[in-house]
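Q: I'd like to ask some things about the structure below.
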Amino acid sequence: MSLDLERERIVQALCSHYAQDHLTTGELERRFELVYAAQDRQALVTVLEGLPAISRNAALAPNAPAPMPTYDAPARSSGLRDSEKRYVAFFAEVKKEGAWRAPSFARVRAVLGTVVLDLREADIPPEGMDIDAEAILGEVKVILPLGIGADVDCTAMLAEVVDKAQAGAAGLPMVRVRGGATLGTISVVTKLPKKDRLEEWRLQLRSWFGGPSDPPRLR
-17 MSLDLERERI VQALCSHYAQ DHLTTGELER RFELVYAAQD RQALVTVLEG
33 LPAISRNAAL APNAPAPMPT YDAPARSSGL RDSEKRYVAF FAEVKKEGAW
83 RAPSFARVRA VLGTVVLDLR EADIPPEGMD IDAEAILGEV KVILPLGIGA
133 DVDCTAMLAE VVDKAQAGAA GLPMVRVRGG ATLGTISVVT KLPKKDRLEE
183 WRLQLRSWFG GPSDPPRLR
């Protein structure tokens, strides 16, 4: 097993432990940092030290959606399909955050402006989400919750593309970002949900990983 695959396995295990109330939020965040700092498999294995065993069913995430289809960028057109949304900032700032239903495909344009898509509380489609991003003298920023991975493939011309997304857990939705930046920035980052969302997020993880249904308690 490659180091990247082993890293993904450890990420999934940590999400399962958090869903089953084996980890506090602070401890989860600390162990995630160790995962991405690890340079070999032995260092990765030690991340799980001190944690109880988890059931095989939970580890395999039986309630998770089926694997995502291969990305195929839709043809550009002047109209939008029902499953598409458009977010455009021209000399302005557009933010989508809080609890919202993410589309399966989003066209994002930032021209001398900023577009922020915060997916930490969003209802992401089981098949994942495709984002066609373009930043011209502007910024496009995508914020992901822990457990949701990203596939970033963007070009930069006198610009910057920043991919700080952490590996996602197997079977969970994937966010695919395609596009380009010209004298601008496209960034994809992973952050913990806001404090008032942590309990709801833990319950969501439980549904994905098959944990107990009783309300969790933070220690």
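Residue numbers for the sequence shown follow the numbering used here, so the first one is -17 and each next one is one higher. Virtual Cβ for every residue (Gly too), placed ideally from N, Cα, C.
#1: Report the residue from 89, 75, 119 whose alpha carbon sits nearest the alpha carbon of residue 98.
#2: Tell me, to the nearest whole angstrom, how far the beta carbon of residue 116 is from that of residue 80; I am working on the premise that it is less than 8 Å.
#3: Whole angstroms is fine: what's the gap from residue 77's alpha carbon to residue 8's?
#4: Between which residues of its own chain and residue 161 is the CB-CB distance below 7 Å, once the five residues before and five after are set aside?
#5: In terms of alpha-carbon separation, which member of 141, 124, 149 lies closest to residue 100?
#6: Looking at residue 88: is its Cβ nearer than 8 Å to the Cβ of residue 120?
#7: Report the option in 95, 85, 4, 86 whose CA atom is closest to the CA atom of residue 71.
#8: Among all the DSSP beta bridges, which residues are the ones paired with residue 96?
#9: Could you tell me which of 147, 36, 32, 143 sits nearest to residue 118, measuring between CA atoms?
#10: Measure the CB-CB distance between residue 132 and residue 163 and report whether it falls below 8 Å.
#11: Which whole-angstrom value is the C-beta distance of residue 151 and residue -7, which I expect to be below 8 Å?
#12: List the endpoints of the continuous alpha helix (DSSP H) containing residue 132.
A: Short version:
#1: Counted from its first residue, the sequence shown places residue 98 at position 116. Checked all of 89, 75, 119; the closest Cα to residue 98 is 75.
#2: Taking the first residue of the sequence shown as position 1, residue 116 is located at position 134. Taking the first residue of the sequence shown as position 1, residue 80 is located at position 98. Actually they are not in contact, since the Cβ atoms of residue 116 and residue 80 sit about 24 Å apart, beyond 8 Å.
#3: On the sequence shown, position 95 is the one that residue 77 refers to. On the sequence shown, position 26 is the one that residue 8 refers to. Each residue's Cα considered, the two are about 27 Å apart.
#4: For this step, residue 161 is matched to residue 179 along the sequence shown. Taken in chain order, the residues that qualify are 114, 115, 116, 136, 168.
#5: Residue mapping note: residue 100 aligns to position 118 of the sequence shown, counting from 1. If you compare the alpha carbons of 141, 124, 149 with that of residue 100, the shortest gap goes to 124.
#6: Residue numbering aside, residue 88 sits at position 106 when the sequence shown is read from its first letter. Residue numbering aside, residue 120 sits at position 138 when the sequence shown is read from its first letter. No; because the gap between Cβ atoms is not below 8 Å, this pair is not in contact.
#7: Here residue 71 refers to the residue found at position 89 of the sequence shown. Distance check between residue 71 and each of 95, 85, 4, 86 places 95 closest, using alpha-carbon atoms only.
#8: Reading the sequence shown from its first residue, position 114 is the one you call residue 96. According to DSSP, residue 96 bridges with 75, 121.
#9: One-based indexing of the sequence shown puts residue 118 at position 136. 143 is the residue among 147, 36, 32, 143 whose C-alpha sits nearest the C-alpha of residue 118.
#10: In the sequence shown, counting from the first residue as 1, residue 132 sits at position 150. In the sequence shown, counting from the first residue as 1, residue 163 sits at position 181. Not in contact: residue 132 and residue 163 (Cβ atoms no closer than 8 Å).
#11: Residue numbering aside, residue 151 sits at position 169 when the sequence shown is read from its first letter. Residue numbering aside, residue -7 sits at position 11 when the sequence shown is read from its first letter. Their Cβ separation, rounded to whole angstroms, is 6 Å, which keeps residue 151 and residue -7 in contact under 8 Å.
#12: Looking up residue 132 in the sequence shown gives position 150. Taken as a continuous stretch (DSSP letters only), residue 132 belongs to no alpha helix (DSSP H), being part of the beta strand (DSSP E) at 131 to 139.
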